[in-house]
Amino acid sequence: MTDSRHVRLFRNGRNQAVRIPVEFELPGDEAVMHRDGDRLVIEPVRKRGLLALLDTMEPFTEEFPDVDAGLRPLRDVNL
Numbered sequence: 001m002t003d004s005r006h007v008r009l010f011r012n013g014r015n016q017a018v019r020i021p022v023e024f025e026l027p028g029d030e031a032v033m034h035r036d037g038d039r040l041v042i043e044p045v046r047k048r049g050l051l052a053l054l055d056t057m058e059p060f061t062e063e064f065p066d067v068d069a070g071l072r073p074l075r076d077v078n079l
């Protein structure tokens with residue numbers, strides 16, 4: 001950890017809150033918080049693109065269902 005700052009905790013309604021100093025500001029507008037022993041760790045939520053999400057998925061091996069099964073055949077339309 002590079003620097004540390006003494007901060008005060010305060011109440012915001014029923015929640016305990018802390019103001020994050022500007023030098024520790026996180027990117028984005030969402031974060032994930034978890035406990036590590038007696039510490040609270042706050043990490044920014046990293047937005048991932050579609051390609052990164054697809055890269056984490058297993059290949060799809062099942063056949064796609066025939067969504068047209070049971071429908072009447074299409075008619076030819078003359079315009």
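Numbering (the UniProt record's numbering), first residue to last: 1 to 79.
Every residue gets a Cβ at the ideal spot worked out from N, C-alpha and C, and that includes glycine.
These figures come from a predicted structure and were not determined experimentally.
For L53, the three-state DSSP class (helix, strand or coil): Taking the sequence shown and counting its residues from 1, the one referred to as residue 53 is at position 53. Helix.
Assigned secondary structure, V22 (DSSP; H/G/I helix, E/B strand, else coil): Position 22 of the sequence shown, counting from 1, holds the residue named residue 22. V22 falls in the helix class under three-state DSSP.
Candidates D36, V7, N12 and M33: closest to V22 by CA position: Start at 1 with the first residue of the sequence shown, and residue 22 comes out as number 22. The option with the nearest alpha carbon to V22 is V7.
Alpha-carbon to alpha-carbon, L26 and R19: On the sequence shown, position 19 is the one that residue 19 refers to. On the sequence shown, position 26 is the one that residue 26 refers to. Approximately 12 Å, taken between the alpha carbons.
Simplified DSSP state of N78, which is helix, strand or coil: For this step, residue 78 is matched to residue 78 along the sequence shown. Residue state, collapsed to three classes: coil.
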